[in-house]
Amino acid sequence: MSYGKIINPANAATSTRILVLPVVVWAMATHRVVLALVLLIYSGVVDLVDGSIARYFKCAGPFGEMLDAISDAGLFLVTLVTAAATGYVDVLPVAVFLGVGAINALGRVIHIRRVGRVTNFRSYMSEAVGGATFFVLVGVLLDFYAETIIWWMAVLTVLVVVHDYIRILTMKPGEEVPHV
Amino acid sequence: MFDLIAANHHGAGWMTTGFAVFLWSVLPLMLPLYVYRLVRDARAFRTAEGPARADLSDRLFGWSMYLVVIVGPLFFATHRIWTTW
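Sequence order for the protein chains is A and B. If you're matching positions, the first sequence starts at 698 in the numbering used here and goes up one per residue. If you're matching positions, the second sequence starts at 31 in the numbering used here and goes up one per residue.
See below:
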């Protein structure tokens with residue numbers, strides 16, 4: 698059986714991550730922390746398996762990748778902003794962290810415009826910080842050193858920004874980086 | 031005695047302590063992987079040249095960052111478990 702580029706099992710699974718976002722906001726705002734936690738874990742698990750679903754049903758494509766990125770960013774932004782707005786964590790560290798994250802994302806745009814492709818520079822540092830964000834969200838929900846962890850994530854993201862901007866701005870257009 | 035109801039934001043500190051125990055049961059398994067990668071790529075970096083050296087440099091920064099984001103939460107998890115004991 699063949700599936701469309703937009704309506705397929707992988708995108709159906711990924712889109713449920715966006716659908717649960719309003720429920721996450723409601724659960725956090727009403728301090729139903731177990732429900733918010735369950736939805737957060739659900740979103741994390743779907744994020745882990747949606748790529749495998751796409752490969753199993755042979756329906757991987759750019760739309761799915763974009764939907765996945767939007768779901769990741771949506772979960773991250775919505776959870777952190779809701780946490781700051783409803784008193785789980787101070788506004789200042791969240792604002793600094795999101796601001797530095799936006800500068801990091803801008804680096805990707807600069808890279809694409811300068812060098813042409815996003816795939817010829819892989820930021821392992823950024824992947825490390827990105828991989829930790831899910832646990833940061835859980836930590837915020839559970840009051841696990843929430844402010845301290847977010848401040849630390851902001852500092853680590855500054856290091857990522859400095860490293861990646863130096864790499865991006867010193868790469869030559871069309872330069873290939875071998876993945877040894 | 032383990033204080034399972036030590037207060038947190040939601041009055042359910044057992045979840046925070048449980049999260050600390052969860053981190054201590056998962057993160058130590060990941061730690062050796064990144065130490066191995068760091069040592070392996072540091073050795074390769076010494077003899078690499080050109081774009082390969084740049085890529086290895088990216089990897090070394092990345093593995094170092096992984097170690098930081100593993101060791102940091104382990105420290106907090108230890109503190110949480112220690113202070114609720």
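Even for Gly, the Cβ is constructed at its ideal location relative to N, Cα and C.
- Taking 9 Å as the CB threshold, A:Ser740 stays off the interface with chain B.
- Inter-segment contact for the segment 845-862 of chain A and the segment 69-79 of chain B is absent: fewer than three beta-carbon pairs are separated by less than 8 Å.
- For B:His109, the enclosing alpha helix (DSSP H) covers residues 80-114.
- Against chain B, the CB of A:Gly804 has no partner CB under 9 Å away; the residue lies outside that interface.
- Under the 9 Å criterion on CB atoms, A:Ser820 is classed as interfacial with respect to chain B.
- Contact between A:Ala724 and A:Leu716 does not hold, since their C-beta atoms are separated by about 14 Å, which reaches or exceeds 8 Å.
- When A:Ala733, A:Met822, A:Tyr739 are compared, the shortest CA-CA separation from B:Leu86 is found for A:Met822.
- Taking all protein chains shown into account, B:Thr113 has fewer than 16 neighbouring C-beta atoms within 10 Å of its C-beta and is therefore exposed.
- Under the Cβ criterion (8 Å, minimum of three pairs), the segment 848-856 of chain A does not count as touching the segment 747-767 of chain A.
- Taking all protein chains shown into account, A:Leu803 has fewer than 16 neighbouring C-beta atoms within 10 Å of its C-beta and is therefore exposed.
- A direct Cα-to-Cα measurement between A:Ala709 and A:Ile738 gives close to 18 Å.
- For B:Met60, the enclosing alpha helix (DSSP H) stretches over residues 43-77.
- Using a Cβ-Cβ cut-off of 9 Å, A:Asp840 counts as an interface residue toward chain B, since at least one Cβ of chain B sits closer than that to its own.
- Against chain B, a Cβ distance below 7 Å from A:Ala825 picks out Gly92, Met95, Tyr96, Val99.
- Where A:Phe831 is concerned, the enclosing alpha helix (DSSP H) starts and stops at 821-838.
- Closest option to A:Gly771, judged by alpha-carbon separation, among A:Val858, A:Thr713, A:Arg810: A:Thr713.
- Counting the other Cβ atoms within 10 Å of the Cβ of B:Pro103 gives 16 or more, which makes it buried.
- Relative to A:Thr711, the option among A:Thr830, A:Asp744, A:Lys869, A:Ala829 whose CA is nearest is A:Asp744.
- B:Met45 counts as buried, since no fewer than 16 other beta carbons sit within 10 angstroms of its beta carbon.
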